[in-house]
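In what follows, a single structure is set out as structure tokens and then discussed.
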Amino acid sequence: RFAATAEITKICKDIESPPGSEPLALRLSAQLMVGVVRIYEKKCSLVLYDVSEALTQLRRSTATFKQLTLAQDRAKLDAITMQPHMLISRPDSLLHDMSRDFELELNMLL
Numbered sequence: 102r103f104a105a106t107a108e109i110t111k112i113c114k115d116i117e118s119p120p121g122s123e124p125l126a127l128r129l130s131a132q133l134m135v136g137v138v139r140i141y142e143k144k145c146s147l148v149l150y151d152v153s154e155a156l157t158q159l160r161r162s163t164a165t166f167k168q169l170t171l172a173q174d175r176a177k178l179d180a181i182t183m184q185p186h187m188l189i190s191r192p193d194s195l196l197h198d199m200s201r202d203f204e205l206e207l208n209m210l211l
């Protein structure tokens, strides 16, 4: 619990210049800094765990969303195949209509 709420910078400043008048012995300050490093490592591992859990949940929700949208995007067979009444009986008449429309657009531009 302490590792989650510890303020690393404040602890380091207290070790560097303790509230008392005398500085700490070199060996003691080194051991205290090792403790600070362990606390920092614990904080980093907690953050890493939280981020990886969030990423896992995000990937799961994205995969679920993709499955839902793919299921909804499937077209019905009759929507993608032409019905008999939609078929052109004479393809040359369609070509004639298209060329006539193109000529009209060309004349409007000129």
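Positions 102 to 211 (my numbering) are the ones given, in order, by the sequence shown.
Glycine included, C-beta positions come from ideal geometry on N, C-alpha and C.
Secondary structure at Gly136: helix, using DSSP grouped into helix, strand and coil.
Beyond the five residues adjoining it in sequence on each side, Lys144 comes within less than 6 Å, by CB distance, of Ala104 in the same chain, given in chain order.
Its Cα nearest to that of Val137, the residue Thr110 stands out among Ser162, Thr110, Lys167. Residue Met134 holds the alpha-carbon nearest to the alpha-carbon of Ile116 among Met134, Ser122, Arg102, Arg161. Between Ala164 and Ile140, the gap from beta carbon to beta carbon reaches 8 Å or more. For Glu117, the enclosing alpha helix (DSSP H) stretches over residues 109–117. The Cβ-Cβ distance between Pro119 and Leu125 falls below 8 Å.
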